[in-house]
Structure formats: structure tokens, C-alpha cells
Amino acid sequence: MNSARLTIALGLAALTTACGKQAETPVAAETNQAAPAAAMSGDMGNMAMAPSATSAIKAKGHGTVTAIDKAAGTITLNHGPIPEAKWPAMTMAFKAAPAITDAAKVGEEVDFDLTLTGSAGEVTAIAKQP
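All you need for our numbering is the position in the sequence shown, starting with 1, plus 8.
Written as C-alpha cells, this is what we have:
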């Protein structure tokens, strides 16, 4: 009985102490920069998000296939800079048709074509490099 009272008292004391503390502000809010997604890496904090969400542009890239998810219809590429989108080198997952995901293998170096709309892209062509 005494141990139950002690446990309750300690729990209430901890809750009371926690109520007086201010929540920490996330780093993303402090710097006004989006935190990168799990499938992305690189210096994306200052990345321009071109093109606009309403206009699609074509772009080309070179990189290495790091993952293929046929069920989700995506291919993940560790690619170099993509000037048309003002993107630095990074690893990013893109939409891809079954013909693209079937043609590629993890570890291959490839050249690829993208259709970009906003910050999203779709691989529309891919070619293995020797």
C-alpha cells in the first residue's frame, strides 16, 4: 500500500514539474527550413523548389540506383546536381513506370530523364552506363 502511494506521489511530482517547462522549438522552425525526408539526403535546406507546381519541365541527371520499390512504383537515385531544378547532389526517390523499375538494378550507374512538377519528379527514361 505504501509503495503504491509513493509511486503515485512520484508520478504526480514528475507531471507537475513537466507542466512548468516550455516545449522545445524544432530546429526546422528556428531556421525556417524544411527538414529532409528519410529518402533524401544532402544539403537540401537551401534548395530552390523549382519549377512551380503548375509547370512541368524536363531535366536530365546522372546517378546510381540505390533502391527500387516496384510495389510503390519508385526508384531511388543518388544523383549529381540537376541544374534545371536548381537541385544539389542528393539521394531521392522518384516515381517511375514499371518499364523503368524493371530495366534498372540496384548499384547501376545510370543517366536518366525526369519530368519535374514542383518538388516532385518522375523518371521517364533510364540508361545504364558502362
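Just so it is clear, CB atoms sit at the ideal spot from N, CA and C, and this is done for glycine as well.
Length-filtered (3 minimum) beta strand (DSSP E) runs lying within the segment 91-126: 98-104, 117-125
Distance CB(valine 114)-CB(isoleucine 134) smaller than 8 Å: no
Chain-order list of residues whose beta-carbon lies under 7 Å from that of asparagine 40 (same chain, five-residue window excluded): With a pLDDT of 42 at asparagine 40, under the threshold of 50, the predicted position of this residue should be treated as unreliable, though the coordinate-derived value follows. Around asparagine 40: no qualifying Cβ.
Buried versus exposed call for alanine 104 [16 or more other C-beta atoms within 10 Å across all chains shown]: buried
Own chain residues within Cβ distance below 6 Å of phenylalanine 120, not counting five before or after: Gly69, Val131, Ile134
Nearest residue (CA-CA) to proline 138, options Gly71, Ser63, Lys66: Gly71
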